[in-house]
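Asker:
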Amino acid sequence: MATLLERYKKVQEDLALLNFSEYETRAYIALVALRISDAETIAVTAQIPRTSVYKVLESLLKKGYVTATTGRPRRFTAESPRALKERIFSRLEDTFDDLEMVHGILREKGMPQVIYTINGKEKVLRKMAELLDSSRERFMISSSNISLLREELDKKITAAQKRGVEFFVVALPKHKSIPGAKTIRREGLIATDIVADGKFALIASADLQACGFTDNEALAQHLDGFLQIMMEQ
Numbered sequence: 108m109a110t111l112l113e114r115y116k117k118v119q120e121d122l123a124l125l126n127f128s129e130y131e132t133r134a135y136i137a138l139v140a141l142r143i144s145d146a147e148t149i150a151v152t153a154q155i156p157r158t159s160v161y162k163v164l165e166s167l168l169k170k171g172y173v174t175a176t177t178g179r180p181r182r183f184t185a186e187s188p189r190a191l192k193e194r195i196f197s198r199l200e201d202t203f204d205d206l207e208m209v210h211g212i213l214r215e216k217g218m219p220q221v222i223y224t225i226n227g228k229e230k231v232l233r234k235m236a237e238l239l240d241s242s243r244e245r246f247m248i249s250s251s252n253i254s255l256l257r258e259e260l261d262k263k264i265t266a267a268q269k270r271g272v273e274f275f276v277v278a279l280p281k282h283k284s285i286p287g288a289k290t291i292r293r294e295g296l297i298a299t300d301i302v303a304d305g306k307f308a309l310i311a312s313a314d315l316q317a318c319g320f321t322d323n324e325a326l327a328q329h330l331d332g333f334l335q336i337m338m339e340q
């Protein structure tokens with residue numbers, strides 16, 4: 108039987124796949140144990156520097172993984188593991204249903220392999236920049252990392268907007284979106300999905316360390332349609 112430390116390490120590794128930083132993982136696990144607590148107690152329990160704990164908790168609030176009271180001192184509560192599991196599983200179920208549909212299209216039309224894998228955060232961001240440079244009409248993004256994308260691709264985004272490219276964004280609640288973009292909020296976002304002009308598509312992991320890219324219009328339009336449905340719901 109796995110020891111408590113082994114279980115903790117496994118939970119930490121698994122939450123990292125869901126875009127939890129190390130400190131966010133510690134804070135969330137501490138809050139699950141504490142049920143409700145103030146930042147000072149969370150910092151001590153989770154062994155997070157006091158200078159960092161508020162930033163960590165604000166990030167968890169934006170992602171919808173914790174809630175907070177309005178009084179002083181603010182007290183925080185973690186979303187229950189069961190509720191978090193249901194939310195993430197629901198999102199993943201939708202994603203895999205979508206992938207199954209893509210698989211059906213490929214099988215029916217007998218298309219060759221048209222999805223290319225890119226590894227490394229720098230290369231993934233470079234491909235995103237290329238898509239922004241090539242875009243002429245519409246750029247759709249669904250991401251749990253909108254703030255990071257804005258920071259890394261700000262000049263490319265601004266240049267595309269000056270060319271008249273329309274931006275449509277699906278972002279987590281409370282996350283800042285791209286200025287001037289039509290934006291909706293959705294909880295449970297994990298991956299980053301991008302479609303440029305309905306012709307090129309990219310799906311990246313939560314940490315942007317890897318992505319799949321296609322220049323096949325049939326696949327790109329399928330993801331484009333999926334994102335449009337999200338925008339309209």
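The sequence shown begins at 108 in the numbering used here and counts up by one.
Virtual Cβ for every residue (Gly too), placed ideally from N, Cα, C.
#1: Residue 297 and residue 198: beta carbons closer than 8 Å?
#2: Measuring only the C-alpha atoms, how far is residue 172 from residue 180?
#3: In this structure, does DSSP put residue 332 in helix, strand or coil?
#4: Considering only the beta carbon of each residue, do residue 239 and residue 267 sit closer than 8 Å?
#5: Assign residue 311 to one of two classes, buried (16 or more other C-beta atoms within 10 Å of its C-beta) or exposed (fewer than that).
#6: My parser needs the beta strand (DSSP E) runs of 3 or more residues fully inside the stretch 264–292; what are they?
#7: Using CA atoms only, rank isn't needed, just tell me which of 251, 193 and 313 is closest to residue 170.
#8: State buried or exposed for residue 261, treating a residue as buried only when at least 16 other CB atoms are found within 10 Å of its CB.
#9: Assuming residue 243 contacts residue 304 under a Cβ cut-off of 8 Å, what Cβ separation, rounded to an integer in Å, is found between them?
#10: Determine the extent of the alpha helix (DSSP H) in which residue 241 is found, giving its start and end residues.
#11: Taking residue 294 as the reference, give the member of 128, 127, 195 and 154 with the closest Cα.
#12: How far does the beta strand (DSSP E) with residue 166 in it extend, from its first residue to its last?
#13: Per DSSP, what kind of secondary structure is residue 249 in: helix, strand or coil?
#14: Relative to the C-alpha of residue 334, which residue among 227, 136, 127 and 249 is closest?
#15: Measuring straight from C-alpha to C-alpha, what distance separates residue 272 and residue 317?
#16: Work out the CA separation of residue 144 and residue 324 for me, nearest whole Å.
#17: Do residue 224 and residue 287 have their C-beta atoms closer together than 8 Å?
Answerer: Considering the structure as presented:
#1: Here residue 297 refers to the residue found at position 190 when the sequence shown is read from its first residue. Here residue 198 refers to the residue found at position 91 when the sequence shown is read from its first residue. Closer than 8 Å, so yes.
#2: As a working note, residue 172 is residue 65 in the sequence shown. As a working note, residue 180 is residue 73 in the sequence shown. Near 19 Å, if we compare the C-alpha coordinates of residue 180 and residue 172.
#3: Mapped onto the sequence shown, residue 332 falls at position 225. Helix, per DSSP.
#4: On the sequence shown, residue 239 is found 132 positions in, with the first residue counted as 1. On the sequence shown, residue 267 is found 160 positions in, with the first residue counted as 1. In this structure, residue 267 lies closer than 8 Å to residue 239 by Cβ.
#5: Position 204 of the sequence shown, counted from the first residue, corresponds to residue 311. Result: buried.
#6: Complete beta strand (DSSP E) runs here, min 3: 273–278 and 289–292.
#7: In the sequence shown, counting from the first residue as 1, residue 170 sits at position 63. If we check each option's Cα against that of residue 170, 251 comes out closest.
#8: Translated into positions along the sequence shown, residue 261 becomes position 154. Flag for residue 261 reads exposed.
#9: Here residue 243 refers to the residue found at position 136 when the sequence shown is read from its first residue. Here residue 304 refers to the residue found at position 197 when the sequence shown is read from its first residue. 6 Å between Cβ atoms; contact.
#10: Here residue 241 is taken as the residue at index 134 of the sequence shown, counted from 1. Residues 228–241.
#11: Against the sequence shown, residue 294 aligns to sequence position 187. Answer by Cα proximity: 195.
#12: Here residue 166 is taken as the residue at index 59 of the sequence shown, counted from 1. Careful: residue 166 lies outside any beta strand (DSSP E), inside the alpha helix (DSSP H) at 157–170.
#13: By 1-based counting over the sequence shown, the position of residue 249 is 142. In the three-state scheme derived from DSSP, where H, G and I count as helix and E and B as strand, residue 249 is classed as strand.
#14: If you number the sequence shown from 1, residue 334 lands on position 227. Minimum Cα distance to residue 334 is reached at 249.
#15: One-based indexing of the sequence shown puts residue 272 at position 165. One-based indexing of the sequence shown puts residue 317 at position 210. Distance between the alpha carbons of residue 272 and residue 317 is about 26 Å.
#16: Locating residue 324 in the sequence shown gives position 217, counting from the first residue. Locating residue 144 in the sequence shown gives position 37, counting from the first residue. Taking the straight line from one Cα to the other gives about 50 Å.
#17: Taking the sequence shown and counting its residues from 1, the one referred to as residue 224 is at position 117. Taking the sequence shown and counting its residues from 1, the one referred to as residue 287 is at position 180. Cβ distance not < 8 Å, so residue 224 and residue 287 don't count as in contact.
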